[in-house]
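Enquirer: Below are the structure tokens for one structure; questions will follow.
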Amino acid sequence: MEPPDRPACGGRLESLLAQPFGDLQPLWAEEAEVLWRTLHWQVEPWKGPMGGLAWVGDGKVLGCLPLCVRGPTAMLGRLFASRWGPTEGVEAGLLSAALHGVFSDPRIQRVSGEFLGAAPRTLEWLVSLWPGQVQPRLLMEVAWTGAGETRTGGLLEPWQGEHLIPAAGLLRRAHGEGPRVFFDPALEDDGGTARLLERIITCPLCGTFEPGASFAARAPESGDLLGFILATRMGTDRGHVAEVAVDPAAQGRGIGKTLITRALEALRGLGCRATHLAVDGDNRKAIRLYRSLGFREYHRFPALRLVRGGEIHPSPGSPGGAKA
Ligand SMILES: CC(C)(COP(=O)(O)OP(=O)(O)OC[C@H]1O[C@@H](n2cnc3c(N)ncnc32)[C@H](O)[C@@H]1OP(=O)(O)O)[C@@H](O)C(=O)NCCC(=O)NCCS
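Everything in the sequence shown is counted per the numbering used here, starting at 2 for the first residue and increasing by one.
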């Protein structure tokens, strides 16, 4: 696998860490404004120092790409380039430089990154370079109006702290050997997965946690956790499904549909005019379920999943293809 060539574009690469915090504020404020205006997506401003790359031109930070390494995995963060500059050129320059750097370190075996704020042409550019290793992620949204049909309503209870540990194990089982687990070191074990879920609840990473619209489904006899949904809120009137999963042994029985329907009803009751979520473009089962509930795709953005040597994961036809 060859990293892409650097495109011609004015400016230079610098370390993100070396940028004075105040110089980054205008870019991050612009990112927040663009994502909210175009996608109804609320991002938290960065609060502390961040490793990665910055693109600097005319004395301004024109773009940034946070990067961190955990074990053999390099994770690229929120890629964003100012809409006032040569946006696509800066994004491509940051990505190609990051990939050159990452793959020159022999310890790094894989790279992942989701680029919600990337310009639409960056997705096309990446797909043309690595068809099969760039996964479009879909943003889907519904303006929920009806109660819908649910057949397992009695199973649900409000989300509580005691659900966290079983939910972590369930989430890993639900994703199996699929790429989400392979490319996210946080999901490597139940402890890391529990910390990830805790962060959704305690930090506004992906919206502000909405306990009144988050539920767990338990088996009536054993009390075992069968599924859960964590809902958040972005702004005052947008709901968001941050996580939903059903134990593989309990899938296909309407539990996922019931969890989502109850969350949508609760979010609407809390003043949300619409609710959105992000899903991998090839998670056909989840997408079919969302469509059946009225969700419509309104945006696509690239998720990069590269393996040294260029193998595609999971290999075609392998089981466990569930994606978040
Ligand atoms: C996506 C996911 C949450 C769906 O959960 P689920 O409980 O299997 O979903 P449901 O049973 O409600 O719906 C799935 C199917 O069962 C059908 N169904 C609904 N009620 C049913 C019932 N009582 N009996 C039988 N089938 C039923 C649904 O119509 C749907 O049919 P379809 O596959 O033809 O569209 C689950 O597959 C999962 O955990 N996947 C892995 C994690 C993941 O991808 N999460 C989403 C991230 S965005």
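Ideal Cβ positions, reconstructed from N, Cα and C, are used throughout, including at glycine.
Using 8 Å for Cβ pairs, my map puts residue 81 next to residue 17. What's the rounded Cβ distance?
Expert: Walking along the sequence shown from the start, residue 81 turns up at place 80. Walking along the sequence shown from the start, residue 17 turns up at place 16. Not confirmed; about 12 Å, so no contact.
Enquirer: Ends of the beta strand (DSSP E) at residue 137?
Expert: In the sequence shown, counting from the first residue as 1, residue 137 sits at position 136. Its beta strand (DSSP E) spans residues 135-143.
Enquirer: Where does the unbroken alpha helix (DSSP H) through residue 121 begin, and where does it stop?
Expert: In the sequence shown, counting from the first residue as 1, residue 121 sits at position 120. Taken as a continuous stretch (DSSP letters only), the alpha helix (DSSP H) holding residue 121 covers 121-130.
Enquirer: I need the DSSP call for residue 19, collapsed to helix, strand or coil.
Expert: Position 18 of the sequence shown, counted from the first residue, corresponds to residue 19. In the structure shown, residue 19 sits in coil (DSSP, three-state: anything other than H, G, I, E or B).
Enquirer: Assess contact between the segment 119-133 and the segment 181-199, defined as three or more Cβ pairs (one per stretch) separated by less than 8 Å. Is contact present?
Expert: No, the segment 119-133 does not touch the segment 181-199.
Enquirer: Beta-carbon within less than 8 Å of residue 290's beta-carbon, same chain only, minus the 5 sequence neighbours each way: which residues are those?
Expert: Locating residue 290 in the sequence shown gives position 289, counting from the first residue. These residues qualify, in order along the chain: 257, 258, 261.
Enquirer: In angstroms, rounded to a whole number, what distance separates the CA positions of residue 269 and residue 300?
Expert: Translated into positions along the sequence shown, residue 269 becomes position 268. Translated into positions along the sequence shown, residue 300 becomes position 299. Straight-line Cα distance between these residues: approximately 22 Å.
Enquirer: What did DSSP end up calling residue 104 once you bin it into helix, strand or coil?
Expert: Working through the sequence shown from its first residue, we reach residue 104 at position 103. In this structure, residue 104 counts as helix in the three-state DSSP scheme.
Enquirer: Apply the 10 Å Cβ neighbour rule to residue 169 and answer buried if 16 or more other Cβ atoms are within range, or exposed otherwise.
Expert: Your numbering for residue 169 matches position 168 in the sequence shown. Residue 169 should be labelled buried.
Enquirer: Note down, in chain order, each residue of its chain lying with its Cβ closer than 7 Å to the Cβ of residue 225, except the 5 sequence neighbours on either side.
Expert: Locating residue 225 in the sequence shown gives position 224, where the first residue counts as 1. 219.
Enquirer: Assign residue 190 to one of two classes, buried (16 or more other C-beta atoms within 10 Å of its C-beta) or exposed (fewer than that).
Expert: Here residue 190 refers to the residue found at position 189 when the sequence shown is read from its first residue. Burial check for residue 190: the Cβ neighbour count within 10 Å stays below 16, so the residue is exposed.
Enquirer: Where does the unbroken alpha helix (DSSP H) through residue 168 begin, and where does it stop?
Expert: Residue mapping note: residue 168 aligns to position 167 of the sequence shown, counting from 1. Note, residue 168: alpha helix (DSSP H), 165-176.
Enquirer: Rounding to the nearest angstrom, what Cα-Cα distance links residue 109 and residue 274 in this structure?
Expert: Residue mapping note: residue 109 aligns to position 108 of the sequence shown, counting from 1. Residue mapping note: residue 274 aligns to position 273 of the sequence shown, counting from 1. So the alpha carbons of these two residues sit roughly 44 Å apart.
Enquirer: Which residues in the same chain have their Cβ closer than 7 Å to the Cβ of residue 314, if we skip the five residues on either side of it in sequence?
Expert: For the purposes of this step, residue 314 is identified with residue 313 of the sequence shown, where counting begins at 1. Residue placement at residue 314 cannot be trusted, given a pLDDT of 47 that sits under 50; what the coordinates show is reported in the next sentence. These residues qualify, in order along the chain: 180, 183, 306, 308.
Enquirer: Verify the contact flag: residue 173, CB atom, against every heavy atom of ligand 1, threshold strictly below 7 Å.
Expert: Along the sequence shown, read from residue 1 onward, the residue named residue 173 stands at position 172. Incorrect: residue 173 has no Cβ contact closer than 7 Å to ligand 1.
Enquirer: Scan the segment 56-109 and note each continuous beta strand (DSSP E) run of 3 residues or more that stays entirely inside, going in chain order.
Expert: 61-71, 74-77
Enquirer: Select from 282, 61, 111 the residue whose C-alpha is nearest the C-alpha of residue 85.
Expert: What you label residue 85 is simply residue 84 of the sequence shown in a count that begins at 1. When each option's Cα is compared against that of residue 85, the closest is 61.
Enquirer: If I follow the unbroken beta strand (DSSP E) through residue 305, where does it start and stop?
Expert: Here residue 305 is taken as the residue at index 304 of the sequence shown, counted from 1. Its beta strand (DSSP E) spans residues 297-308.
Enquirer: Distance check for residue 83 and residue 50, CA to CA, integer angstroms please.
Expert: Here residue 50 is taken as the residue at index 49 of the sequence shown, counted from 1. Here residue 83 is taken as the residue at index 82 of the sequence shown, counted from 1. Approximately 20 Å, taken between the alpha carbons.
Enquirer: According to DSSP, simplified to helix, strand and coil, what is residue 111?
Expert: Numbered from its first residue, the sequence shown carries residue 111 at position 110. In this structure, residue 111 counts as strand in the three-state DSSP scheme.
Enquirer: Would you say residue 215 touches ligand 1, meaning its beta carbon is less than 7 Å from a heavy atom?
Expert: Along the sequence shown, one-based indexing puts residue 215 at 214. For ligand 1, not one heavy atom lies less than 7 Å from the Cβ of residue 215.
Enquirer: If contacts are defined as beta-carbon pairs under 8 Å, then residue 384 and residue 91 qualify, I think. What distance do you get, rounded to the angstrom?
Expert: Nothing about residue 384 can be reported from this structure: the residues present for the chain run from 2 to 325 only.
Enquirer: State buried or exposed for residue 65, treating a residue as buried only when at least 16 other CB atoms are found within 10 Å of its CB.
Expert: Residue mapping note: residue 65 aligns to position 64 of the sequence shown, counting from 1. So residue 65 ends up on the buried side.
Enquirer: When you measure from the CB of residue 282 to every non-hydrogen atom of ligand 1, does any distance come out below 7 Å?
Expert: Within the sequence shown, numbered from 1, the residue matching residue 282 stands at position 281. No; taking the cut-off as 7 Å, the Cβ of residue 282 has no heavy atom of ligand 1 nearer than that.
Enquirer: What do you get for residue 281, buried or exposed, if any count of 16 or more other CB atoms within 10 angstroms of its CB means buried?
Expert: As a working note, residue 281 is residue 280 in the sequence shown. Residue 281 should be labelled buried.
Enquirer: At a cut-off of 7 Å, would you count residue 176 as near ligand 1, judging by its Cβ distance to the nearest heavy atom?
Expert: Here residue 176 corresponds to residue number 175 of the sequence shown, with the count starting at 1. Residue 176: yes, Cβ under 7 Å from ligand 1.
Enquirer: Whose C-beta lies closer than 7 Å to the C-beta of residue 42 among residues of the same chain, with five residues either side of it excluded?
Expert: Residue 42 sits at position 41 when you count from the first residue of the sequence shown. Counting only Cβ-Cβ distances below 7 Å, and skipping sequence neighbours, we find 36, 117, 235.
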